[in-house]
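Residue numbers (this note's numbering): 22 to 214.
Beta carbons are placed, not taken as given, at the ideal position from N, Cα and C, and that holds for glycine.
Down below is the structure, laid out as structure tokens.
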Ligand SMILES: [Zn+2]
């Protein structure tokens, strides 16, 4: 077992990154196509979804490795809702044109679909991340002394999910083996359950 300080990116954060990226590239793709001409997202409302996707990606980056992700998750949800709303609005407007004009085939472009999917993905990823966070908070128990760690107290994490309290960390710095043995014992007991 070794202590690690690398970035811990969760599955919802990976989903959030992919979703944000979809919104980003979606803005540069056609949103509306009519016969041989098309309008790219950035020529219209895509300017906003482009900006919102960058804000969402920025918040996602800020949230990684933070113990408190509430406000970054809320921000990502807001950005996702706005992006999906803009995308759905465009596709609704085009659907209305499609039914009223019979001579020009106006269609929803790839960019609009990517924007809608990405926006919904952003919302879903942040909700999922928030759920993981609250789960993590309710189960903050020191793996060495089994003490429940208060939310405002500092704790130390190992790469594989082990958490130890500040007191145990101080002991760890003086006598590594003592704490590591306790953590190993805890892990063994966990597997038996
Ligand atoms: Zn402890």
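Practice task
Taking residue 110 as the reference, give the member of 164, 171, 70, 167 with the closest Cα.
Solution key: Relative to the Cα of residue 110, the nearest Cα in the group 164, 171, 70, 167 belongs to 70.
Problem - contact_flag[the segment 147 to 166, the segment 55 to 70] where n(CB pairs < 8 Å) is 3 or more - result: Between the segment 147 to 166 and the segment 55 to 70, the count of C-beta pairs closer than 8 Å stays below three; the two stretches do not touch.
Problem - Length of the line joining the Cα atoms of residue 26 and residue 87 - result: For residue 26, the predicted structure reports a pLDDT of 47, less than 50, and the residue's modelled location is therefore unreliable. A value from the coordinates is still provided. So the alpha carbons of these two residues sit roughly 12 Å apart.
Exercise for the section: For residue 198, verify whether its CB is less than 8 Å away from any heavy atom of ligand 1. Expected result: no
Practice task
Could you say which of 185, 115, 211 lies nearest to residue 128 if we only look at CA atoms?
Solution key: Selection 185, 115, 211 evaluated against residue 128 yields 115 as nearest (Cα-Cα).
Problem - Top-ranked residue by Cα proximity to residue 37, from 162, 179, 187, 83 - result: Closest option to residue 37, judged by alpha-carbon separation, among 162, 179, 187, 83: 83.
Handout entry: Cβ-heavy atom distance, residue 152 to ligand 1, below 8 Å
Key = no
Handout entry: residue 70 - containing alpha helix (DSSP H), residue span
Key = Per DSSP, the unbroken alpha helix (DSSP H) holding residue 70 starts and ends at 67 to 84.
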